[in-house]
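Asker: Heads up: the sequence shown begins at 137 in my numbering, then just goes up one per residue.
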Amino acid sequence: MDEVIAIKNRYGSASIAMQGAQLLSWAPEGEKPVIWLSKEAKFVKGKSFRGGIPICWPWFGPHPSDPALPAHGFARNLDWQLKDRRETEAGTLVVLALAPNESSWPHQAELEYRIKVGKQLELELVTRNKGSDSFVLGCALHTYFHVSDVRNVKVLGLEETQYVDKVKGGEKIQEGALTIDSEVDRIYLDTDSSCVIQDPGMNRSIRIAKSGSRSTVVWNPWAEKSEKLGDMGADGYLGMLCVETCNAHDDVVTVPATGEHCLRAVYSLCDLSIL
Ligand code: TA6
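1. Report yes or no: is there a C-beta of chain C within less than 9 Å of the C-beta of Tyr280?
2. Our contact map puts Gln298 next to Glu307 with C-beta atoms below 8 Å; I'd like the distance itself, whole angstroms only.
3. Considering only residues of the segment 338-402, which uninterrupted beta strand (DSSP E) runs meet the minimum length of 3 residues and lie entirely inside it, listed in chain order?
4. Nearest to Ala393 by alpha carbon, out of Asp285, Leu273, Ser351?
5. Give me, in chain order, the residues of the same chain whose beta-carbon lies closer than 8 Å to that of Lys168; leave out the 5 immediate sequence neighbours on both sides.
6. Verify whether the separation of the beta carbon atoms of Arg212 and Asp367 is less than 9 Å.
7. First and last residue of the beta strand (DSSP E) that includes His282?
8. Taking 8 Å as the line, does the beta carbon of Pro357 fall inside it for any heavy atom of the ligand TA6?
9. Using 9 Å as the threshold, is the C-beta distance between Arg322 and Lys346 below it?
10. Between the C-alpha atoms of Thr390 and Val332, what's the straight-line distance to the nearest angstrom?
11. Starting from the C-beta of Ile143, find all residues in its chain whose C-beta is less than 8 Å away, skip the five residues before and the five after it, and write them out in chain order.
12. Locate the beta strand (DSSP E) running through Gly148, then write down its first and last residues.
13. Going by alpha carbons, who is nearest to Gln217 out of Asp285, Glu380, Pro236?
14. Just the C-alpha distance for Gly267 and His397, rounded to the nearest angstrom, thanks.
15. How long is the line joining the alpha carbons of Lys255 and Glu223, rounded to whole angstroms?
16. Report the residue from Val354, Asp386, Tyr373 whose alpha carbon sits nearest the alpha carbon of Val320.
17. So the candidates are Ala359, Glu139, Ala384; which of them puts its Cα closest to the Cα of Met376?
18. For Arg343, which option in Gly293, Leu234, Ala276, Arg350 has the closest C-alpha, if you only look at C-alpha atoms?
19. For Val471, I'd like the list of residues in its chain whose CB is within less than 8 Å of its CB, leaving aside the five on either flank, ordered along the chain.
20. Quickly, what does DSSP pair Asp220 with across the bridge? List them, please.
21. Shorter than 8 Å, the distance from the beta carbon of Pro194 to the closest heavy atom of the ligand TA6, or not?
22. Shorter than 8 Å, the distance from the beta carbon of Val231 to the closest heavy atom of the ligand TA6, or not?
23. Closest to Ala157 by CA distance: which of Trp195, Ser284, Val140, Gln334 is it?
24. What three-state label does DSSP hand Arg287 in the structure shown?
25. Closest to Pro198 by CA distance: which of Ile189, His208, Cys192 is it?
26. Would you mind sorting Arg287 into buried or exposed? The rule is 16 or more other CB atoms within 10 Å of its CB.
27. Let me check understanding here. Comparing Cα to Cα, which of Leu159, Gly166, Gln155, Leu259 lies closest to Arg146?
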């Protein structure tokens, strides 16, 4: 397997694969893991691990016109470079960089991904346009959260929000907290809201704050889709829920020449009672 950066400090532990700059694990001190990784996850050159935080870039989902191109773009399949690593009072900062040169994407960009492992997990994905023309960018932090049992959690923060239902079709409005009892694949639109995954089974909630994003994806493949994916592990879907910080659907962003875009997410644990 290519290099994995291991982090251990007084706030907890984490690990990051250089391939795809994919965070594979994060556990605050004394806490169960917050990020889920499939028991069947294995290193395959040029393919993201099942779980962790895959980076979707420079498009989200299938390529808009060429189905032969990789879903969720190519950044998660490439080897990134370590640009910086330092220990601070607030925890460990790791900075990874990628300057992609892919024929499928005729633009010049540089990516810088800043990961801070402290009391909370802070992620900043910065895209810089190094070319002379603007480009349209779709991206996401496709985060798999570890839950006790997805049938018993609630997702708050998306109430009354319109969403694209990729399982049942159409666009709908979220009524009340989101609960999961079957396959869910939804793009919530025009929302900059923080979300909270309430997990009574672990007696905790996971708070998901964000900026630079107005779309949030919630995904659980459930049993049948998990079987087809083949790398979720036996009943793995019961222990995970993706809540993804995105620029997806109509929330793609235009990055002007010499401009930049920052997609940011911050994950923290809080008491179950705190909304
Ligand atoms: O974010 C949800 C989604 O777009 C689903 O439709 C499913 O395809 C998932 O991403 C996983 O995609 P992957 O290419 O990582 O298997």
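Every residue gets a Cβ at the ideal spot worked out from N, C-alpha and C, and that includes glycine.
None of the values given here were measured: they were computed from a predicted structure.
Answerer: So, to answer that:
1. The structure shown has no chain C; it contains just one protein chain.
2. 6 Å
3. 340-347, 351-356, 376-383, 389-391
4. Leu273
5. His282, Met338
6. no
7. 280-282
8. yes
9. no
10. 29 Å
11. Ser149, Ala150, Ser151, Ile152, Thr228, Val230, Val253
12. 148-153
13. Pro236
14. 14 Å
15. 13 Å
16. Val354
17. Ala359
18. Gly293
19. Only positions 137 to 411 of the chain appear in this structure, which leaves residue 471 out of reach.
20. Val231
21. no
22. no
23. Val140
24. helix
25. His208
26. exposed
27. Gly166
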